[in-house]
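These notes are about the structure you will find just below.
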Amino acid sequence: MKKIISLFIALIAASAANIAFADYDLLVKSNCLACHNIDKNLNGPKLKDVAEKYANDATATERLAKKIKSGGTGVWGEDMMPPQAQLTDANALILAKYILSLK
Ligand code: HEC
């Protein structure tokens with residue numbers, strides 16, 4: 029019985045990790061890492077800083093999903109994030125949620 033329980037726990041842990049990998053994969057595939065790194069500033073802000081900035085902001089997920097699609101400038105400096113119009117709304121939302129989970 030103990031074995032079954034620990035197998036079950038391992039399975040849950042593995043599937044949670046898979047979800048995180050899938051989201052990271054989307055970040056890679058969407059070319060976000062050309063300008064962003066999780067814990068280094070590149071052309072764009074490091075994604076951990078983005079997560080921290082909006083940690084207490086309940087409306088951040090939707091707003092960031094929109095900003096990811098439309099791009100913009102002026103929040104982190106003068107560099108411009110180009111629009112990522114190729115993203116579906118659903119994927120922009122997945123990316124926003126993933127980024128906000130990185131704190
Ligand atoms: C060509 C470079 C570039 C690419 C590619 C890029 N970004 Fe950015 N990103 C930036 C810059 C520059 C900023 C800062 C914009 C600002 O100050 O308003 C930024 C800001 C952000 C922010 C914070 C927005 C805010 O208002 O606080 C998020 C979230 C983000 N990017 C996500 C993404 C995601 C997800 C992708 C991939 C789909 C991506 N970025 C692709 C350059 C880029």
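Going by the numbering used here, the sequence shown opens with residue 29, and the numbers climb by one from there. Backbone N, C-alpha and C define an ideal beta-carbon position, used for all residues, glycine too. All of these numbers come straight from a predicted model, not from anything done at the bench.
beta-carbon residue i near the ligand HEC non-hydrogen atom, thresh 6 Å
i	result
L84	A quick correction: the sequence has Asn, not Leu, at residue 84. No, Cβ of N84 sits at least 6 Å from all heavy atoms of the ligand HEC.
P111	no
S129	no
T101	yes
N71	yes
Contact belief for residue i with residue j at Cβ below 8 Å, rounded distance in angstroms
i	j	result
L61	L54	The Cβ separation is near 11 Å, so there is no contact.
I96	Q112	6 Å
Cα-Cα separation, residue i to residue j
i	j	result
A44	A50	10 Å
T87	I37	33 Å
L70	H64	6 Å
A42	D77	27 Å
L131	D67	Per the sequence presented here, residue 131 reads as Lys, with Leu not at that position. Taking the straight line joining both Cα atoms gives about 10 Å.
L35	A48	20 Å
I33	T101	50 Å
N59	D107	17 Å
Residue from the options with nearest C-alpha to residue i
i	options	result
G105	N59, A120 and P73	P73
E80	L115, I32 and Y126	Y126
Q114	K30, S98, L128 and I122	S98
D85	I40, A120, I32 and A124	A124
T89	S58, K31 and N119	N119
L128	I40, P110, T116 and L92	L92
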